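Below is one structure; the comments refer to it alone.
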Amino acid sequence: MGRSLSLSLSLHSILVALALLSVSLVKAEDAYRDYTWTVTYGTASPLGVPQQVILINGQFPGPRLDVITNENLLINVINKLDAPFLLTWNGIKQRKNSWQDGVLGTNCPIPPNSNFTYKFQTKDQIGTYTYFPSTIMHKAAGGFGGLNVYARSVIPVPYPKPAQDFTLLIGDWFKTSHKALQQYLDSGKSLPFPDGILINGQTHSTFSGDQGKTYMFRISNVGLSTSFNFRIEGHKMKLVEVEGSHVIQNTYDSLDVHAGQSLSILVTLDQPVKDYYIVASTRFTKQVLMAAAVLHYTNSQTPVSGPLPAGPTYEIHWSMEQARTLRWNLTANAARPNPQGSFHYGNITTTTTFVFANSAPLINGKQRYAVNRVSYINSDTPLKLADYFNIPGVFSMDSIQSIPSEGPAFLATSVVPVSLHDFIEVIFQNNENAMQSWHLDGYDFWVAGYGSGQWTSDSRKAYNLHDTLTRHTAQVYPNSWTAILVSLDNQGMWNMRSAIWERQYLGNQFYLRVFNAIHSLANEYDMPTNVLLCGKAIGRHP
1 MGRSLSLSLS LHSILVALAL LSVSLVKAED AYRDYTWTVT YGTASPLGVP QQVILINGQF
61 PGPRLDVITN ENLLINVINK LDAPFLLTWN GIKQRKNSWQ DGVLGTNCPI PPNSNFTYKF
121 QTKDQIGTYT YFPSTIMHKA AGGFGGLNVY ARSVIPVPYP KPAQDFTLLI GDWFKTSHKA
181 LQQYLDSGKS LPFPDGILIN GQTHSTFSGD QGKTYMFRIS NVGLSTSFNF RIEGHKMKLV
241 EVEGSHVIQN TYDSLDVHAG QSLSILVTLD QPVKDYYIVA STRFTKQVLM AAAVLHYTNS
301 QTPVSGPLPA GPTYEIHWSM EQARTLRWNL TANAARPNPQ GSFHYGNITT TTTFVFANSA
361 PLINGKQRYA VNRVSYINSD TPLKLADYFN IPGVFSMDSI QSIPSEGPAF LATSVVPVSL
421 HDFIEVIFQN NENAMQSWHL DGYDFWVAGY GSGQWTSDSR KAYNLHDTLT RHTAQVYPNS
481 WTAILVSLDN QGMWNMRSAI WERQYLGNQF YLRVFNAIHS LANEYDMPTN VLLCGKAIGR
541 HP
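Counting along the sequence shown from 1, when you hit position 343 you're at 343 in UniProt numbering, and nothing is skipped either side.
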């Protein structure tokens, strides 16, 4: 009996130890990271003229977030501006958690001298992302930053670890203050042409490395309106990741990056020891703006010289062909061990097709932008709160139609109703002679195809139903279409918007209500206890 008791105690000890080890491992993989960010105004001169910018903890751009997939983030944002403020997490899927999306359709903005703590998990994703202000024209003043999600130690990536990685936040910039730009738009005018291009908030940056080593450059377009072409003098660029997708590792001399998009490249410093230009220049613009940084080889005594390396300017067909070369790496895993191609998206029957056509109408004599004739207007009550509390009259689920129609444009707070687990086809039809870029919060989607002119059902014959990549922002070329496929596996109220901020501000957006009538924590988290209430939701109790 003594021996039996001893064995029983030993077995019990082993089970306890295994349980503790399991808990320890879970905590190690799903750690919590706490941040406190104070948002203030400051003065900077990014284009040589002093102007008001938005700082986060005194930094412009804001702090870089480096996290590991599945980590939980607690970000306490303290608003010291003179206007309500929100941050949105561009490309972070917010699984079952549109409460933390940080846009006016899901969150009340943080009032001045108040705070809100975002609580979310970088669940099952890796890659290069950004964050930025979603309120009014704050993005034109800064408040944006890089958000890099790295793989867990037990999950391999399909390339050798680089010697270092650099985050490059590139975008157009205005010398005019964000408040003046907002007044332009509110008065019915379009924004002027940007004054310049910035790389990490500067016109002059240097990135240093050793000859023979390979470095990762994480590149994001954080500008308000323009696409840019990126290149490094004398060096090839190996594309390895696009917005969370590992891609076929093609080599490029230059790459187009459109508004709201991000990607990662590997660059081997395999040239003679000297300094080389890093260049970003605007695409599809009559006037070409250029920004230059420096790739500095350690011990180089030879500074950059001569003209900046030229790149493409208005070649639409060239850009579309390059976009078609971006393919999923079907043998690589994502944030989980299973291969990216194990989900055979091309074999799934779509439940609904939407054709969303953008336009630029005048409404009441003022410039607006519309989708299928509907120009979105924000409500003082977030749509998510109105839906949760069953508050009527806040949004409309029948204003925006599934296909374009003739008639005058009108204003509405438009929501498109869809069902959880639907698999939908979305066509972005661009009938304007200007570049477009569309983003969907809470999701990534398969970019099935690009084409010129009007989309028809025959256009499906040109779709890539085998190895197109997933991403969160897709460009639409002038007088062209882009088709995406979306698996609606994330319940909530999700913003679909133009990534060109003037268009978003003046109505080129709407919300997808991904709904299931059965309440379940397996589908969507409960309202957070720290939720801010505003508009018609004031006084309601969760």
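Where a beta carbon is used, it is the ideal one built from N, C-alpha and C, also for glycine. Note that the coordinates shown come from a computational prediction; the quantities given were computed from them, not determined experimentally.
Within the UniProt domain "Plastocyanin-like" (380–515), the complete alpha helix (DSSP H) segments of 4 residues or longer fall at 383–389 and 501–505, listed in chain order. In this structure, Thr-69 sits near Gln-125, with a CB-CB distance shorter than 8 Å. If only uninterrupted alpha helix (DSSP H) runs of at least 4 residues are considered, those enclosed by the UniProt domain "Plastocyanin-like" (165–299) are 178–186. A distance below 6 Å between beta-carbons, with the five flanking residues on each side excluded, links Tyr-276 to the following residues of its chain, in chain order: Glu-233, Gly-234 and Leu-295. Around Pro-162, the same chain offers Thr-214, Tyr-215, Met-216 and Leu-266 as residues with beta carbons nearer than 7 Å, after the five sequence neighbours per side are excluded. Bounds of any alpha helix (DSSP H) do not take in Ala-44; it lies within the beta strand (DSSP E) bounded by 32–44.
Considering only Gln-322, Val-53, Ser-459 and Gly-62, the residue with the shortest C-alpha distance to Tyr-41 is Val-53.
Residue range 114–121 is occupied by the beta strand (DSSP E) that includes Ser-114.
A distance below 8 Å separates the beta carbons of Val-257 and Phe-228. With fewer than 16 other Cβ atoms from the protein chains shown falling within 10 Å of its own Cβ, His-317 counts as exposed. With 16 or more other Cβ atoms inside 10 Å of its own Cβ, Gly-143 counts as buried. When DSSP states are grouped into helix, strand and coil, Gln-367 belongs to the strand group.
Bridge partners of Val-355 according to DSSP: Ile-427.
Residue pairing from DSSP places Val-149 in a beta bridge opposite Val-67 and Gly-127. Spanning the alpha carbons of Phe-120 and Asn-490 requires a straight line of approximately 14 Å.
Distance from the CA of Asn-516 to the CA of Gln-59, rounded to the nearest whole angstrom, comes to 42 Å.
DSSP places Ser-319 inside the alpha helix (DSSP H), whose first and last residues are 316–324. Under the DSSP assignment, Ser-375 falls in the beta strand (DSSP E) whose first and last residues are 374–376.
Setting aside the 5 residues that flank it on each side, Thr-206 is surrounded in the same chain by Ala-293, Val-294 and His-296, each with a C-beta closer than 7 Å to its C-beta; the list follows chain order. Val-154 sits exposed, since fewer than 16 C-beta atoms from the chains shown fall within 10 Å of its C-beta.
The beta carbons of Tyr-376 and Gln-509 sit about 5 Å from each other, so the pair counts as a contact at 8 Å. Counting C-beta pairs with one atom in each stretch, the region 399–411 and the region 465–477 have fewer than three that are closer than 8 Å, which means they do not touch. Excluding the 5 residues flanking it on each side, Gly-346 has same chain C-beta neighbours closer than 7 Å at Leu-465 and His-466, in chain order.
Listed in chain order, the non-local C-beta contacts of Glu-241 below 7 Å within the same chain comprise Gly-127, Thr-128, Val-247, Leu-263 and Ser-264, local neighbours out to five positions each way being set aside.
Straight through space, the alpha carbons of Ala-259 and Thr-268 are spaced by roughly 27 Å. The three-state reading of DSSP puts Asn-523 in coil, since its state is none of H, G, I, E or B. Gly-535 sits in a helix when the DSSP states are folded into three classes.
No residue range can be given for Trp-99, since it is assigned to no beta strand (DSSP E) and is classified by DSSP as neither H nor E. If the five residues before and after Thr-88 are omitted, its C-beta is found closer than 6 Å to the C-beta atoms of Gly-102, Val-103 and Ser-134, all from its own chain and listed in chain order. Just so you know, the alpha carbons of Trp-446 and Asp-422 end up roughly 14 Å apart. By DSSP's assignment, Pro-160 forms no beta bridge with any residue. Asn-76 carries a strand assignment under DSSP once its states are collapsed to helix, strand and coil. Between the region 470–486 and the region 67–82 there are fewer than three inter-stretch CB-CB distances shorter than 8 Å, so the stretches are not counted as touching.
For Thr-88, the enclosing beta strand (DSSP E) has its first and last residue at 87–90.
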